[in-house]
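Here's the structure we're looking at; comments come further down.
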Amino acid sequence: MRHRTSRSISLAVIAAMGALVAGAPAAAQTTPVEPYHVVVTGDNVYLRCGAGAAWYAVGYARRGDVLRVDGEDFGWLRVGYPDTLPALVSVEDADADEARRVVVLTRPSRLTARNIHGAALAESWKRLLPASLPPGTGLKLLGVLTNKENGEPEAYIVAPPNSARAYISAQFTRRASPAEVAAWRAAQRAKQELARNATRPAEPAPTPASGGVTPTPAQTADADRPGEPTPSPAQTADTTPEPALAQRPASPEPVSDRDAPARASDQNPARAQPVESPTPAPIAPSNQPAGAAPTETPAPSPTAEVDAPADATTAPAAQAPATDAPSPTRRDAASDKADRPIPSIEALEAAFRAIAEAPAPDAELDALAGEYRRFAASLPDTEENRAWRTLAENRVALLDLRIEVQAQLRAIDAASEEARRAADAIAQRLERLDRTRPYALVGRLTASALYDGRRLPLMYRLESVEAGAGRTIAYLVPTPGVDLNGKLGSIVGVEGDSRVDPALKLRIVNPSRVEILTPALSSAEPASPDQP
Numbered sequence: 001m002r003h004r005t006s007r008s009i010s011l012a013v014i015a016a017m018g019a020l021v022a023g024a025p026a027a028a029q030t031t032p033v034e035p036y037h038v039v040v041t042g043d044n045v046y047l048r049c050g051a052g053a054a055w056y057a058v059g060y061a062r063r064g065d066v067l068r069v070d071g072e073d074f075g076w077l078r079v080g081y082p083d084t085l086p087a088l089v090s091v092e093d094a095d096a097d098e099a100r101r102v103v104v105l106t107r108p109s110r111l112t113a114r115n116i117h118g119a120a121l122a123e124s125w126k127r128l129l130p131a132s133l134p135p136g137t138g139l140k141l142l143g144v145l146t147n148k149e150n151g152e153p154e155a156y157i158v159a160p161p162n163s164a165r166a167y168i169s170a171q172f173t174r175r176a177s178p179a180e181v182a183a184w185r186a187a188q189r190a191k192q193e194l195a196r197n198a199t200r201p202a203e204p205a206p207t208p209a210s211g212g213v214t215p216t217p218a219q220t221a222d223a224d225r226p227g228e229p230t231p232s233p234a235q236t237a238d239t240t241p242e243p244a245l246a247q248r249p250a251s252p253e254p255v256s257d258r259d260a261p262a263r264a265s266d267q268n269p270a271r272a273q274p275v276e277s278p279t280p281a282p283i284a285p286s287n288q289p290a291g292a293a294p295t296e297t298p299a300p301s302p303t304a305e306v307d308a309p310a311d312a313t314t315a316p317a318a319q320a321p322a323t324d325a326p327s328p329t330r331r332d333a334a335s336d337k338a339d340r341p342i343p344s345i346e347a348l349e350a351a352f353r354a355i356a357e358a359p360a361p362d363a364e365l366d367a368l369a370g371e372y373r374r375f376a377a378s379l380p381d382t383e384e385n386r387a388w389r390t391l392a393e394n395r396v397a398l399l400d401l402r403i404e405v406q407a408q409l410r411a412i413d414a415a416s417e418e419a420r421r422a423a424d425a426i427a428q429r430l431e432r433l434d435r436t437r438p439y440a441l442v443g444r445l446t447a448s449a450l451y452d453g454r455r456l457p458l459m460y461r462l463e464s465v466e467a468g469a470g471r472t473i474a475y476l477v478p479t480p481g482v483d484l485n486g487k488l489g490s491i492v493g494v495e496g497d498s499r500v501d502p503a504l505k506l507r508i509v510n511p512s513r514v515e516i517l518t519p520a521l522s523s524a525e526p527a528s529p530d531q532p
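Counting along the sequence shown from 1, when you hit position 5 you're at 5 in my numbering, and nothing is skipped either side.
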């Protein structure tokens, strides 16, 4: 069955107009890099369709998600597209067989990245792929997007191909450790096996494997989209019970860019946490004096994220050096074993050092302060334990100070998010306006402190609309009949003759028309807890 809409919007026109607004050169400036992996350190961090806050969001990545990076662009990372984020293809460019859940392209198409804040195809204008898929390409059908005005289908919602890419702010990531990458790849292999089994013909009377290990939901969500069913373009005839589905390579270390990020989605909340060492059993306390440095291999903290491999349970316990200093003696902790053991001072000090290296907004300071309090409360009130209690209390006081700083940093992040959302709102409004009337240039019109008409000839400055950029994209020469003073501070569309000044390397425009697209904005859309 094939859906067509009588009032479809050409994706090529939408993408071309959108490029005028939000800085299409951003994609061209992305520098390919040797692939590496990062871990997301923020909560609900936006994944965007381009490198910059002005590009619309296509989904979220959650804290602990592992992403594969293959490009960098001035503070933004190009990452593989999560398989749980859908793409769109116009009904004019494809035929759908809803019974088999297959879409087959009838024209070359680069698809479009779906805007999570947009309900219509016109609001999802960014081309998703670097090159067009040929006619006959099969895609997995996830749903149909209908026109809200007339109720007719206008696009198919499909699974993204392997070549799709998204962008994330590097500010909310860190390099993944080898242990985290190994755990991520193990989860990929598990999902690959599940996907292969799902596409095999059913066998008669299957016998459940005894003693088998079933992947957890987090592992399943963490996988690199292996085995994502991609219908064969040739197999759409009614005589075929189901289209052939392309399989991803089973290798956990693909050489090409076919790795996709694990667990990054605005739809799938399941995700694996960063690899942690198991909570250590109580160990003999160190005989070190108060303030002495911990051992070189301290016991892992139950609250600190560490780079230990998944099989860290086989690692030997840390041994405290033998000294003549008294050990901290504890009250009987039998009642605590039903809950969890009180950590040793060595484990707490190791966690304290790990927390000190973590990004301030993300450090688990409250939990560590609580563990120090538990340790101090477990010590009998004796002379030999006084130094240990003092050490724990000093750590708590220091952590409390860092908790206050952490709260202030989060408030700053919230204000920054408000500005980023303002950039989103401006960009999306410009995109909608720009579809009805294309302009040679779009930007914020401001007065120039340099070309003020006193020292140098009077010209007006046109700035980039991206929040916080303040980058000049052109100068406008005063023209009779064109009011520029009345439009200062507003985002405007400019038409007219222009030339590139060889000295400034910027356009000098003699405007014939300057129209206000959106007035000067002093506030953003309502802020959300999401990161950019």
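Ideal placement from N, C-alpha and C gives every residue a C-beta, glycine not left out.
Exposure of F375, with buried meaning 16 or more beta-carbon neighbours within 10 Å: Around the Cβ of F375, a 10 Å sphere holds 16 or more other Cβ atoms; the residue is buried.
Can you list, in chain order, the stretches of the beta strand (DSSP E) that have 3 or more residues and sit fully within the segment 338 to 422? Every candidate beta strand (DSSP E) stretch fails here, since none sits fully inside the segment 338 to 422 while reaching 3 residues.
Residue(s) in a DSSP beta bridge with A96: V103
Using only CA atoms, which one of I168, V509 and R461 lies nearest to V66? Looking only at I168, V509 and R461, the smallest Cα-Cα distance to V66 is reached by I168.
In whole angstroms, what is the alpha-carbon distance linking P178 and A186? 12 Å
Cβ contact (3+ pairs, closer than 8 Å) linking the segment 129 to 139 and the segment 102 to 115: yes
Assign E608 to buried or exposed, taking buried as 16 or more other Cβ atoms, counted over all protein chains shown, within 10 Å of its Cβ. Given that the chain is displayed from residue 1 to residue 532, the structure contains no residue 608 and the question cannot be resolved.
Can you give the beta carbon distance from Y439 to G493, rounded, assuming they're within the 8 Å contact cut? 3 Å
Assuming A166 is part of the beta strand (DSSP E), what are its boundary residues? For A166, the uninterrupted beta strand (DSSP E) segment begins and ends at R165 to S169.
Closest residue to T41 among V465, V405 and Y60 (Cα-Cα distance): Y60
If the criterion is Cβ atoms closer than 7 Å, does the pair T106 and P82 meet it? No, they are not a contact pair.
Taking I116 as part of the beta strand (DSSP E), name the residues at either end of that continuous run. Looking at the DSSP string, I116 is not in any beta strand (DSSP E), and its letter there is neither H nor E.
C-beta atoms of E371 and P343 nearer than 7 Å: yes
For W76: DSSP bridge partner residues: D73 and S169
With C-beta atoms as the reference, is V477 less than 7 Å away from G443? no
DSSP-derived helix/strand/coil call for L145: strand
With distances taken Cα to Cα, identify the nearest neighbour of V39 among A182, A377 and T446. It is A182.
Count the other C-beta atoms from every protein chain shown that fall within 10 angstroms of the C-beta of F74, then say buried if there are 16 or more, exposed otherwise. exposed
Less than 8 Å between the CB atoms is what I'm expecting for G80 and R68, so what's the real figure, rounded? 5 Å
Beta-carbon contacts of V514 that lie in its chain and below 7 Å, excluding the five residues immediately before and after: Same-chain partners within the cutoff: V482, L484, K487, V492 and V494.
Which of the three DSSP states is assigned to N485 in this structure? helix
Unbroken stretches of the beta strand (DSSP E), 3 residues or longer, contained in the segment 24 to 73: 31 to 40, 45 to 48, 57 to 61 and 66 to 73
Please state whether DSSP places M501 in a helix, a strand or coil. The sequence shown places Asp at residue 501, not Met. Reduced to three states, the DSSP call for D501 is strand.
Proximity test, V33 beta-carbon vs the ligand SAH heavy atom, cut-off 6 Å: Ligands displayed in this structure: none; no statement on the ligand SAH is therefore possible.
Continuous beta strand (DSSP E) stretch holding E123: start and end: Per DSSP, E123 belongs to no beta strand (DSSP E) and is neither H nor E.
With burial defined as no fewer than 16 other Cβ atoms inside 10 Å of the residue's Cβ, what is the status of K140: buried or exposed? buried
Would you mind sorting P241 into buried or exposed? The rule is 16 or more other CB atoms within 10 Å of its CB. At P241, the pLDDT of 40 sits below 50, so the modelled position is not reliable; the number obtained from the coordinates is stated separately. It counts as exposed.
In angstroms with no decimal places, state the Cα-to-Cα distance between A397 and L365. 11 Å
Straight-line Cα distance separating A367 from A490: In the sequence as presented, Ala is not what sits at residue 490; that position holds Ser. So the alpha carbons of these two residues sit roughly 47 Å apart.
What three-state label does DSSP hand R471 in the structure shown? coil
Outcome for A449 when other beta-carbon atoms lying within 10 angstroms are tallied against a minimum of 16: A449 comes out exposed.
Simplified DSSP state of A131, which is helix, strand or coil: Coil at A131, not helix or strand.
Can you pull the DSSP bridge partners for T446? R461
Residue interval of the beta strand (DSSP E) (run including R507): For R507, the enclosing beta strand (DSSP E) has its first and last residue at L506 to T518.
Could you work out which residue in R454, P160 and R395 is closest to A351 when comparing CA atoms only? R395
With DSSP as the reference, label P178 as helix, strand or coil. Note: P178 maps to helix in three-state DSSP.
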